[in-house]
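Below: the structure, in structure tokens.
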Amino acid sequence: MHLPTAHRVRAAALCSLLSAVQSVGWAACCLLWLLTRALSAGETAPGRPLDYALVITGGELLEGIYADAHTPFITRTLRPLGARCVLSLVVDDHPAAIKTALRNAAAQAPIVIVTGGLGPTPNDVTRETLAEYTSIPLTEAEPLVRDLERRSGQTGASLPPNLRRQALVPSRGGYLPNAHGTAAGLYFETDHGLIIALPGPPRELQPMVRDALIPLLRQRFGLHGAGCALTLRFVGAGQSLIDQTLKDHVPALDGVVITSLFEGSRVDFTFTLPEDTPAARARLAQIERDLKPHLGDCLYADDGASLEEVVWRQLTARSGSLVVLEVASGGHVAAALAAARTAPASWAGTLAAPTEEALARLLNTGLPDASTADQRREALALAAIRSTGSAWALLVGAAEPRPDGRMACPILLRTPDQRWIAGSLPLGASSEINRPASVTPILDWVRRQTR
8 MHLPTAHRVR AAALCSLLSA VQSVGWAACC LLWLLTRALS AGETAPGRPL DYALVITGGE
68 LLEGIYADAH TPFITRTLRP LGARCVLSLV VDDHPAAIKT ALRNAAAQAP IVIVTGGLGP
128 TPNDVTRETL AEYTSIPLTE AEPLVRDLER RSGQTGASLP PNLRRQALVP SRGGYLPNAH
188 GTAAGLYFET DHGLIIALPG PPRELQPMVR DALIPLLRQR FGLHGAGCAL TLRFVGAGQS
248 LIDQTLKDHV PALDGVVITS LFEGSRVDFT FTLPEDTPAA RARLAQIERD LKPHLGDCLY
308 ADDGASLEEV VWRQLTARSG SLVVLEVASG GHVAAALAAA RTAPASWAGT LAAPTEEALA
368 RLLNTGLPDA STADQRREAL ALAAIRSTGS AWALLVGAAE PRPDGRMACP ILLRTPDQRW
428 IAGSLPLGAS SEINRPASVT PILDWVRRQT R
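As structure tokens, this is what we get:
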């Protein structure tokens, strides 16, 4: 019979006591009754938190290059569910340092959560170190191999070994799927407890905690539900500004657990109450109402939708499909839109080129002579609309100097009612654009123009 980790630990302890009192019939009967109660009960007694310890790996943390963001996120996320962090250690990403930290952490709590070191590079040693520490062999998970093949566009023997090793999972335990990267989370079932490994990048770790780790802990250790929660998603407003706005304008925060996560200029704030009641939901709704007069322009979703999904929602609500033309952003805007869960089948597609002249050649059209830059871009957008039949056209042009001498990336939107909306993305003193980072401000500009 397979028992969860903590159940096996309790059973082993109680069986040891039984062996010591074999000759005493009544004592054995009493202890058997206790064993039955221990195995049938939940992992945590009502009101008693489940203890866990954290091991945060990364030499860059010890060198002060980055601050540890995992500990505050994990502890604030798990605490409302009845889980309590009793120890957090930051260690170098070397096997000996990780093993020492594991021994110290395992002595403090039945669950140890390790972050980082699951990627494909040589210094990603967490997977093999945990296998050595626990003496649990690693085996290849076929679903993870197929996912790596899909993500990399390579199959079979052509899949690089360093990438394929990310499909290795503990033979006694399992893995946590990663919807935002190639490194799955892992959990090792030991005789003394559970060791969980999470990827290091916050954009992978944070969704995995919410979507995979919490369900695992609920199933295995009986953590209670999160009550009711409200997640507000902001763009263009930093955490410090949102924090200060909460302090200044939201009075009813007593008893509300607040957690936040950020990636670039996108920030999520989650407000949680321990009970799911009409009164609790009304309190959360009031928080949103209190924030809207001050941060309403930056608040883009309260229903879990991504920025890309909100943009698609606003475009398709009005009319037709979209064609995207990109120079400075190099196709990154279209890639983000294509990855959205709600990307419509009617989307016309995208063209990306190194210059606006190259875009014209791809469209088999000429640029008007003696015209302004705006007129040339309008001609490109119209040519794309004619060739695709799209109602919308979004063009991200080449970087150009502004009147003040600074560089900017022009943005042009053609609407279904044949209006032109022009904007720009400031680039600062440099003419270079950080293409992945440009996606959020460009999409936020589109969101604001199409509300």
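For the sequence shown, position 147 matches number 154 in the working numbering, and the numbering has no gaps at all.
Note that CB positions come from ideal geometry on N, CA and C, so glycine has one too.
For this session: Indicate whether D298 and A244 have their beta-carbon atoms separated by less than 8 Å.
Result: Locating residue 298 in the sequence shown gives position 291, where the first residue counts as 1. Locating residue 244 in the sequence shown gives position 237, where the first residue counts as 1. Sequence check: residue 298 is Leu here, not Asp. No, these two residues do not count as a Cβ contact at 8 Å.
For this session: Go ahead and pull the three-state DSSP assignment for R455.
Result: Mapped onto the sequence shown, residue 455 falls at position 448. Helix, per DSSP.
Exercise. So G404 and E364 are in contact, right, with Cβ under 8 Å, and what is the actual spacing, rounded?
Worked result: Stepping through the sequence shown from its first residue, residue 404 is reached at position 397. Stepping through the sequence shown from its first residue, residue 364 is reached at position 357. The Cβ separation is near 11 Å, so there is no contact.
For this session: Identify, in the order they occur along the chain, each residue of the same chain with its Cβ nearer than 7 Å to the Cβ of D99, setting aside the five sequence neighbours on each side.
Result: For the purposes of this step, residue 99 is taken as residue 92 along the sequence shown, with counting starting at 1. Same-chain partners within the cutoff: G66 and L69.
Exercise. Based on the DSSP output, what are the partners of S431 in its beta bridges?
Worked result: Indexing the sequence shown from 1 puts residue 431 at position 424. Beta-bridge pairing links S431 to P417.
Exercise. Going straight from the alpha carbon of E147 to that of H77, what length do you get?
Worked result: Within the sequence shown, the letter at position 140 stands for residue 147. Within the sequence shown, the letter at position 70 stands for residue 77. Rounded to whole angstroms, E147 to H77 spans 28 Å at the Cα level.
Exercise. Which of helix, strand or coil does DSSP assign to L125?
Worked result: As a working note, residue 125 is residue 118 in the sequence shown. Correct three-state label for L125: coil.
Problem set entry | Own chain partners of A390 with C-beta closer than 6 Å, once the 5 adjacent residues on each side are dropped | On the sequence shown, residue 390 is found 383 positions in, with the first residue counted as 1. So the qualifying residues of the chain are L370 and T372.
For this session: Output the distance between the C-alpha atoms of T279 and L450, rounded to the nearest integer angstrom.
Result: Start at 1 with the first residue of the sequence shown, and residue 279 comes out as number 272. Start at 1 with the first residue of the sequence shown, and residue 450 comes out as number 443. Taking the straight line from one Cα to the other gives about 29 Å.
Exercise. So, is R458 buried or exposed, given that buried needs 16 or more other C-beta atoms within 10 angstroms?
Worked result: If you number the sequence shown from 1, residue 458 lands on position 451. With fewer than 16 Cβ atoms within 10 Å of its Cβ, R458 is classed as exposed.
For this session: In the DSSP assignment, find the beta strand (DSSP E) that holds L88 and state where it starts and stops.
Result: What you label residue 88 is simply residue 81 of the sequence shown in a count that begins at 1. Segment: none, L88 is in no beta strand (DSSP E) and carries neither H nor E.
For this session: Report all residues from its chain with a CB closer than 6 Å to the CB of N111; omit the five preceding and five following residues, and keep chain order.
Result: Position 104 of the sequence shown, counting from 1, holds the residue named residue 111. Answer for N111: no residue qualifies.
Exercise. Counting Cβ pairs, one atom from each stretch, are 3 or more of them under 8 Å apart for the segment 215–229 and the segment 242–257?
Worked result: no
Exercise. Given L291, which residues of its chain have a CB within under 6 Å of its CB, disregarding the five upstream and five downstream residues?
Worked result: Numbered from 1 along the sequence shown, position 284 holds the residue referred to as residue 291. Hits under 6 Å: L237 and F278.
Exercise. Just the Cα atoms here: how many angstroms apart are P281 and L239?
Worked result: Here residue 281 refers to the residue found at position 274 when the sequence shown is read from its first residue. Here residue 239 refers to the residue found at position 232 when the sequence shown is read from its first residue. Looking at the two C-alpha atoms, the distance is approximately 18 Å.
For this session: Please work out which residues of its chain come closer than 6 Å, Cβ to Cβ, to V274, disregarding the five sequence neighbours upstream and downstream, and give them in chain order.
Result: Here residue 274 is taken as the residue at index 267 of the sequence shown, counted from 1. Once the five neighbours on either side are set aside, the close Cβ partners of V274 are F241 and Q246.
Problem set entry | Alpha-carbon to alpha-carbon, S142 and S272 | For the purposes of this step, residue 272 is taken as residue 265 along the sequence shown, with counting starting at 1. For the purposes of this step, residue 142 is taken as residue 135 along the sequence shown, with counting starting at 1. S272 and S142: Cα-Cα distance of roughly 43 Å.
Exercise. According to the neighbour-count rule (16 or more other Cβ atoms, all chains shown, within 10 Å of its Cβ), is Y73 buried or exposed?
Worked result: Reading the sequence shown from its first residue, position 66 is the one you call residue 73. With fewer than 16 other Cβ atoms within 10 Å, it is exposed.
For this session: Under 8 Å Cβ to Cβ from I440, same chain only, skipping five residues before and after it: list those, please.
Result: Indexing the sequence shown from 1 puts residue 440 at position 433. A335, S336, A406, C416, L432 and L434, listed in sequence order.
Exercise. How about L223: is its Cβ closer than 7 Å to a heavy atom in the ligand SAM?
Worked result: Looking for the ligand SAM in the displayed structure turns up nothing, as the structure carries no ligands at all.
Problem set entry | P177 beta carbon less than 8 Å from that of A116 | Counting from one through the sequence shown, the residue named residue 116 turns up at place 109. Counting from one through the sequence shown, the residue named residue 177 turns up at place 170. No, the pair does not count as a contact, with Cβ atoms beyond the cut-off.
Exercise. What are the complete beta strand (DSSP E) segments, minimum 3 residues, inside the segment 300–370?
Worked result: 306–308, 329–333 and 356–359
Exercise. What are the start and end residues of each continuous beta strand (DSSP E) run of 3 or more residues lying completely inside the segment 222–247, in chain order?
Worked result: 235–242
Exercise. Counting along the chain, where does the beta strand (DSSP E) carrying P177 start and finish?
Worked result: Looking up residue 177 in the sequence shown gives position 170. Per DSSP, P177 belongs to the beta strand (DSSP E) from L175 to P177.
Problem set entry | Enclosing alpha helix (DSSP H) for Y59 [first to last residue] | Mapped onto the sequence shown, residue 59 falls at position 52. No alpha helix (DSSP H) holds Y59; the beta strand (DSSP E) holding it covers L57 to T64.
Exercise. With 16 other CB atoms within 10 Å as the buried threshold, where does P87 fall?
Worked result: To locate residue 87, count along the sequence shown from 1; it is residue 80. By the 10 Å Cβ count, P87 comes out buried.
Exercise. Quick one: what does DSSP say P285 is sitting in, helix, strand or coil?
Worked result: Within the sequence shown, numbered from 1, the residue matching residue 285 stands at position 278. Helix, per DSSP.
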